[in-house]
Amino acid sequence: MTTDTDPVLAEDPITGEEIELPADVEVGEIIDSPVTGTELEVISLDPVTLEEAPELEEDWGE
Amino acid sequence: MRVGILYSRIRRDEKLLLEELRDRGHDVEKIDVRKQRFGLESTTADVADLDIVVDRCLSTSRSLYATKFLDSYGVPVVNSPETGDVCADKAKNSLALAEADVPTPATEVAFTKEAAMEAIEEFGYPCVLKPIVGSWGRLMAKIDTRSAAEAILEHKETLGHYEHKVFYVQEFVDKPGRDIRVVAVDGEPVAAMTRSSEHWLTNAAKGGTTESFDLDDRALELVERASEAVGGGMLGVDLMEVGGEGSGEYTVHEVNHTVEFKALTEASDVDVPARVVDWLETKAEAFAADGGDAGGDSDGDTNAADDSTDADEVVA
Chain F
414 MTTDTDPVLA EDPITGEEIE LPADVEVGEI IDSPVTGTEL EVISLDPVTL EEAPELEEDW
474 GE
Chain A
463 MRVGILYSRI RRDEKLLLEE LRDRGHDVEK IDVRKQRFGL ESTTADVADL DIVVDRCLST
523 SRSLYATKFL DSYGVPVVNS PETGDVCADK AKNSLALAEA DVPTPATEVA FTKEAAMEAI
583 EEFGYPCVLK PIVGSWGRLM AKIDTRSAAE AILEHKETLG HYEHKVFYVQ EFVDKPGRDI
643 RVVAVDGEPV AAMTRSSEHW LTNAAKGGTT ESFDLDDRAL ELVERASEAV GGGMLGVDLM
703 EVGGEGSGEY TVHEVNHTVE FKALTEASDV DVPARVVDWL ETKAEAFAAD GGDAGGDSDG
763 DTNAADDSTD ADEVVA
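As given, the protein sequences belong to chains F and A, one line each in that order.
Numbering (the numbering used here) for the first sequence: 414 to 475.
Numbering (the numbering used here) for the second sequence: 463 to 778.
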């Protein structure tokens, strides 16, 4: 049985390794791959799918 | 209330905001702008019945167009597209501050490298060359010599996006190794911090160290006036102390419109997301009372709920 505080497991899309995400992970959230440090984007939650996040573009910022 | 969040990346800042909104029982509609279309009459985004939409787009162009379209449907959106338009462009930002008599560094814009070189030579060395659109200290150049100026101008003209052919030249302000970032909502400071570095760029994104800062009366006044000058909203007002640390004299070099606050949350004792949500609640109430025109420039004569149509009907 899982609870909403359990970490979520997902596959790193670059290395194929299983990585642990926080329990409250959101669709659209950007996380750093603990394996490569690459920025990954959470694409879906059921199942949890990750993709390499888009490169920063020139007009990105605050 | 029902709150829309316009985004294409959920960073720590957005997570903090989402957490606070949900903790208070608000209904949150996340709107990933990459997946939506915005037509002249309506949008594929589910904006019906939203009490307020918060623009958290990281991309300036997405922010400007998405908020403009939402505003045209009568959807209450913060920050307003007008504020975004002024803040996104450093030249417009400088002009707005100057027109409001807010002290801001001397600035010139030139459109050719020859004219830019004349401006640089008149400012003298060092001076600063900035892209008109950009953040986090990217592509900022402190120019120390004429030969450096020539090289940078040629690179910009040859390699740059067309916006890099608008040369924004600014006096170098000899700040005391730090500048001040204030997050403010409609001119009222939420929290402030200094960003310090040995490097001339002190941005937190460039690794500057942060520390909480107490605003004096002059700084408070300037934050309020700078906010008003760009049209209000939730803003990051950047000040530098002229005349040294603690001199009490400031220049406002920039006002940012999709402000990050995670560094400020860590540097200060203030619960920034909570204060921001307090403000959003007040703002949403004011929008409702004013028929969707709470201090913005929206016509407020249409209602998103009435105008929203099926995705198929959207003019792409």
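For every residue, glycine included, the Cβ atom is placed at its ideal position computed from N, Cα and C.
Residue-level contact to chain A via CB, residue i, 8 Å cutoff
| i | result |
| --- | --- |
| F:Met414 | Bear in mind that the predicted position of F:Met414 carries a pLDDT of just 49, short of 50, making it too unreliable to give a figure here. |
| F:Glu475 | yes |
| F:Glu471 | yes |
| F:Thr418 | no |
| F:Glu433 | no |
Interface residues of chain F facing residue i [CB-CB closer than 7 Å]
| i | result |
| --- | --- |
| A:His617 | The contacting residues do not exist; A:His617 stays about 15 Å from chain F at best. |
| A:Ile642 | Going along chain F, no residue has its Cβ under 7 Å from A:Ile642, so there is no contact; the nearest lies around 16 Å. |
| A:His623 | Glu471 |
CB contact flag (residue i, residue j, <8 Å)
| i | j | result |
| --- | --- | --- |
| A:Ser542 | A:Gly693 | yes |
| A:His719 | A:Gly546 | yes |
| F:Asp425 | F:Ser446 | yes |
| A:Val465 | A:Asp513 | yes |
| A:Thr527 | A:Asp494 | Position check: residue 527 of chain A holds Tyr in this sequence, whereas Thr was assumed. The answer is no: Cβ separation not under 8 Å. |
| A:Gly639 | A:Ser659 | yes |
| A:Val644 | A:Met702 | no |
| A:Val717 | A:Leu697 | yes |
| A:Leu615 | A:Lys575 | yes |
| A:Ala581 | A:Ala572 | yes |
| A:Ala611 | A:Val590 | no |
| A:Ile605 | F:Glu442 | no |
| A:Ala653 | A:Leu601 | no |
| F:Val448 | F:Thr462 | no |
| A:Ser521 | F:Glu470 | yes |
| A:Tyr712 | A:Arg680 | yes |
| A:Asn665 | A:Gly706 | no |
| A:Glu625 | A:Pro588 | no |
Enclosing beta strand (DSSP E) for residue i [first to last residue]
| i | result |
| --- | --- |
| A:Lys492 | Asp489 to Asp494 |
| A:Ala654 | Glu650 to Ser658 |
| F:Thr418 | Where F:Thr418 is concerned, there is no enclosing beta strand (DSSP E), given that its DSSP letter is neither H nor E. |
| A:Met579 | No beta strand (DSSP E) holds A:Met579; the alpha helix (DSSP H) holding it covers Lys575 to Phe585. |
| F:Ser457 | Glu452 to Leu458 |
| F:Thr449 | No beta strand (DSSP E) contains F:Thr449, which DSSP labels as neither H nor E. |
| A:Phe629 | Phe629 to Glu633 |
| A:Leu468 | Arg464 to Tyr469 |
| A:Leu697 | Met696 to Glu703 |
| A:Leu726 | Looking at the DSSP string, A:Leu726 is not in any beta strand (DSSP E); the run it does join, the alpha helix (DSSP H), is Lys724 to Ala729. |
| F:Leu463 | Val461 to Glu465 |
| A:Lys604 | Ala603 to Ile605 |
| F:Ala436 | Here F:Ala436 belongs to no beta strand (DSSP E), and DSSP marks it neither H nor E. |
Proximity winner among the options, relative to residue i (alpha-carbon distances)
| i | options | result |
| --- | --- | --- |
| F:Pro467 | F:Glu454, F:Gly474 and F:Asp459 | F:Glu454 |
| A:Pro565 | A:Val704, A:Asp533 and A:Glu476 | A:Val704 |
| A:Ser556 | A:Thr505, A:Val631 and A:Lys575 | A:Val631 |
| A:Asp551 | A:Lys575, A:Ser523, A:Asp563 and A:Leu532 | A:Ser523 |
| F:Thr418 | F:Ala436, F:Ile427, F:Glu442 and F:Gly474 | F:Ala436 |
| A:Val628 | A:Ala577, A:Leu726, A:Ala681 and A:Leu483 | A:Ala577 |
| A:Asp641 | A:Asp648, A:Leu663 and A:His626 | A:Leu663 |
| F:Ile444 | F:Glu475, F:Ala423 and F:Glu470 | F:Ala423 |
| A:Lys668 | A:Ser597, A:Glu707 and A:Ala736 | A:Ser597 |
Span of the alpha helix (DSSP H), counted from its first residue to its last, around residue i
| i | result |
| --- | --- |
| A:Ala560 | Lys552 to Glu561 |
| A:Ile594 | Element bounds for A:Ile594: n/a, residue is neither H nor E. |
| A:Leu512 | Segment: none, A:Leu512 is in no alpha helix (DSSP H) and carries neither H nor E. |
| A:Ile614 | Arg608 to Leu621 |
| A:Lys477 | Arg474 to Asp485 |
| A:Asp641 | Here A:Asp641 belongs to no alpha helix (DSSP H); instead the beta strand (DSSP E) covers Arg640 to Val647. |
| A:Thr529 | Thr522 to Ser534 |
| A:Ser674 | Here A:Ser674 belongs to no alpha helix (DSSP H); instead the beta strand (DSSP E) covers Thr671 to Ser674. |
Minimum Cβ-Cβ distance from residue i to chain D less than 8 Å
| i | result |
| --- | --- |
| F:Gly441 | You won't find chain D in this structure, because its protein chains are F and A. |
CB contact below 8 Å: residue i versus chain F
| i | result |
| --- | --- |
| A:Arg737 | no |
| A:His488 | no |
| A:Gly758 | Note on A:Gly758: pLDDT 44, under 50, position unreliable in the model; no value is reported. |
| A:Ser521 | yes |
| A:Ser597 | yes |
| A:Lys477 | yes |
| A:Ile472 | yes |
| A:Val721 | yes |
| A:Asn541 | no |
| A:Glu482 | no |
| A:Tyr527 | no |
| A:Gly695 | no |
| A:His661 | no |
| A:Gly698 | yes |
Proximal residues of chain F, C-beta to C-beta of residue i below 9 Å
| i | result |
| --- | --- |
| A:Lys575 | By Cβ distance, chain F contributes nothing, its closest Cβ being about 20 Å from A:Lys575, past 9 Å. |
| A:Asn718 | Gly474 and Glu475 |
| A:Tyr469 | Gly441 |
| A:Gly466 | The premise fails here: A:Gly466 is roughly 14 Å from chain F at the closest Cβ pair, so nothing lies under 9 Å. |
Under 8 Å by beta carbon: chain F residues contacting residue i
| i | result |
| --- | --- |
| A:Lys492 | Glu439, Val440 and Gly441 |
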